[in-house]
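Student: The listed protein sequences correspond, in order, to chains A and B.
The first sequence runs contiguously to residue 282 in the numbering used here.
The second sequence runs contiguously to residue 1474 in the numbering used here.
C-beta: ideal position from N, C-alpha, C; glycine also.
Below is the structure I would like to discuss, written out as C-alpha cells.
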Amino acid sequence: MEKTQFANQILTLSDKLFRLAKSILRNEDAARDAVQDLNLKLWEKRAQLKQVDNLPAFLMRSMRNQCLDVIRQKREKNELPIDIIYDGLTPYQHTEQKDMAKNVCYMIDNLPELQRTIIRMRDVEGMEMKDISFVTGISENAVCVNLSRARQKIRDQLIKESKQVEERTWTS
Amino acid sequence: MDIINKIIDKYFNGESSREEEKILKYYFNSNKLAPEHLVFKPLFDAFEIEANESYKIKKPKKFFIQKWAFAGSGFAAAVLLTLWLFGSPAFQGDYAIVNGTRINDHELAQQLAESKMNKVGQMLDEKLKPLESIQMVRNSLKPAKKIGEIRDEINCIKQKLIME
C-alpha cells in the first residue's frame, strides 16, 4: 500500500477510530494515543492490508482490540482506571442545566463496554449489524440483544429523569 | 404517528433497520415532534453531537526543549541562591546570620557556609542530570558519525582504482 493509498483509505477513518477509542477508553488523550499507535502499526504492516476485504470493519476491530489491551495493561499495572473527568454533577443536575444531549453521552459512557461500543457503532457511525458482529466478535443475534439492552437502559433513564423534572416543576 | 410509534418500539427492541433509523433521526431533528416523543429527543441529539466529533493529531511532545528549560531554570535557581548567600548581609566576612541569629564563631560560620555550598552543588548535580544524559546519547552516536568518513574514504579508493 502506497503513501497516498494509506492516507485515502486509512487516515480518512481516523475520526471513526477516535470516536470508538474514546467510547471504550472514556478518555480523550488516551484515545488519541491509541489512534496514533494503531496508525503506526498499520503503516508498518501496510503491505498486508491489501489482503483485507472489509478495511473499515477490520480497522474498527483492530482499534477495539488495541483499546481493550490498553485497559488490560492498566489493570495489570494496578494503575488507576482511566476515566473521563466529569464535572461532578449528577445526571439530574445536568438535566436541569438544559444540557440534555451531554447527559445522554454521560449515560452511554456509563453502560458496560460492549453495550456502549455497540450502541455507538450503530447509532453514531451507522454501521451494519454484520460489521458490528465482526468488530465485536459476537453473533449478530447477540449484537441485537446488547443493542436493545443499551437503548432500553437509556430510554428508562430518560423517562425517569423526565418524570423527576416534572415532579420538581409541580412542587416548586 | 402510528408508524413513528412502531419504529420507536422496534428501535428500542434492537429490531429496526438502517432505513427506519434514518427516518427516526430525520423525525427527531425536525421541529414537528409529538409531545410524547420529546423525551427521546436528547438521545438523537447526542448521537448527532458525537458523530461530529473529529480526531485531531497530537502534537509531538517537546522533550528536549522541556529538559533544557528544566536544566536552565535549575541553574538559574542555583546562581540566585549563591548570590543571595554571598550578596546579602546574612553572610558578611567572619559571621553568619542563621534564622535571624548572628553567629560570630568563625569556624561555625564557615561550616554553615560550606553546608549551604554543598546543597547548591547537590542541586546543580540534580539539575544537570538531563544534560549529562544528552551528552551520553551524543557520545554513543559518535561511532555512527565515522560511517560517513569511512564511506568517503571508500569512494576515494574506488576513484583511484578506476583512474589506474
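Going by alpha carbons, who is nearest to A/THR227 out of A/LEU123, A/THR114, A/GLU112, A/ARG136?
Tutor: It is A/ARG136.
Student: Compare the Cα-Cα distances from A/MET239 to each of B/ASN1428, B/ILE1467, B/SER1326 and report the closest residue.
Tutor: Comparing Cα positions, the closest option is B/SER1326.
Student: Starting from A/ILE134 and walking both ways along the alpha helix (DSSP H), at which residues does that stretch end?
Tutor: Its alpha helix (DSSP H) spans residues 124-135.
Student: Taking A/ILE218 as part of the alpha helix (DSSP H), name the residues at either end of that continuous run.
Tutor: Where A/ILE218 is concerned, the enclosing alpha helix (DSSP H) stretches over 210-219.
Student: Between A/ASN256, A/ARG129, A/CYS254, which lies nearest to B/GLU1360 when the distance is taken from Cα to Cα?
Tutor: Measuring from the Cα of B/GLU1360, the nearest candidate turns out to be A/ARG129.
Student: Output, in chain order, the set of chain B residues within a Cβ distance shorter than 9 Å of A/GLN262.
Tutor: Those are PHE1322, ASN1323, GLY1324, listed as they occur along chain B.
Student: What residue does the alpha helix (DSSP H) around A/LEU363 start on, and which one ends it?
Tutor: Only positions 111 to 282 of chain A appear in the structure, and residue 363 of chain A is not among them; the question remains open.
Student: Does the Cβ of B/ALA1419 have 16 or more other Cβ atoms within 10 Å, making it buried, or fewer, making it exposed?
Tutor: B/ALA1419 should be labelled buried.
Student: Please report how far the alpha carbon of B/ASN1465 lies from the alpha carbon of B/LEU1471, in whole angstroms.
Tutor: C-alpha separation (whole angstroms): 10 Å.
Student: Which residues of chain B have a Cβ atom closer than 9 Å to the Cβ of A/CYS254, listed in chain order?
Tutor: Correct list: ASN1323, GLY1324, GLU1325.
Student: If contact is defined by three or more beta carbon pairs under 8 Å, each pair taking one atom from either stretch, is the region 249-260 of chain A in contact with the region 1338-1354 of chain B?
Tutor: No: fewer than three Cβ pairs fall under 8 Å.
Student: Determine, using beta carbons only, whether A/GLN225 and A/ARG259 come nearer to each other than 8 Å.
Tutor: Against a cut-off of 8 Å, the Cβ pair of A/ARG259 and A/GLN225 comes out as a contact.
Student: Does any CB atom of chain A fall closer than 8 Å to the CB of B/GLU1346?
Tutor: No - not a single Cβ of chain A is within 8 Å of the one on B/GLU1346.
Student: Skipping 5 residues on each side, what residues in its chain have a beta carbon closer than 7 Å to that of A/ARG171?
Tutor: Hits under 7 Å: PHE244, VAL245.
Student: Take every Cβ of the region 210-223 of chain A, pair it with every Cβ of the region 161-169 of chain A, and state whether three or more of those distances are shorter than 8 Å.
Tutor: With a cut-off of 8 Å, the region 161-169 of chain A and the region 210-223 of chain A do not count as touching, because too few Cβ pairs lie within range.
Student: If you check the beta carbons only, do A/ALA144 and A/ALA157 fall under 8 Å apart?
Tutor: Contact: no.
Student: Confirm the yes/no value for this check: CB of A/PHE128, any heavy atom of the ligand MG, distance under 7 Å.
Tutor: Because no ligand of any kind appears in the structure shown, any question about the ligand MG cannot be addressed here.
Student: Any beta carbon of chain A sitting closer than 8 Å to that of B/ILE1333?
Tutor: No, its Cβ sits nowhere closer than 8 Å to a Cβ of chain A.
Student: Using 10 angstroms around the beta-carbon of B/LEU1334, count the other beta-carbons present and answer buried if the total reaches 16, otherwise exposed.
Tutor: Flag for B/LEU1334 reads buried.
Student: Note the first and the last residue of the continuous alpha helix (DSSP H) segment covering A/LYS113.
Tutor: It spans 113-119 - the alpha helix (DSSP H) in which A/LYS113 sits, taken as one unbroken run.
Student: Does A/ASN118 pass the burial test, meaning 16 or more other C-beta atoms within 10 Å, or should it be called exposed?
Tutor: Classification for A/ASN118: exposed.
Student: May I ask you to list, following chain order, the residues of the region 1349-1362 of chain B that have a beta carbon less than 7 Å from some beta carbon of chain A?
Tutor: Flagged, chain order: VAL1349, PHE1350, PRO1352, LEU1353, ASP1355, ALA1356, PHE1357, ILE1359, GLU1360, ALA1361.
Student: Closer than 8 Å, CB to CB, is B/SER1364 near chain A or not?
Tutor: Chain A contact via Cβ: present.
Student: Please report whether the beta-carbon of A/ARG230 lies at a distance below 8 Å from any beta-carbon of chain B.
Tutor: For A/ARG230, the answer is yes, since a Cβ of chain B falls inside 8 Å of its Cβ.
Student: To which residues of the same chain is A/ALA141 closer than 6 Å at the C-beta, ignoring the five residues directly before and after it?
Tutor: PHE128, ALA131, LYS132, LEU135, listed in sequence order.
Student: Which first and last residues belong to the alpha helix (DSSP H) in which B/PRO1348 is found?
Tutor: It should be pointed out that residue 1348 of chain B corresponds to Leu in this sequence rather than to Pro. B/LEU1348 -> no alpha helix (DSSP H), and no H or E assigned at all.
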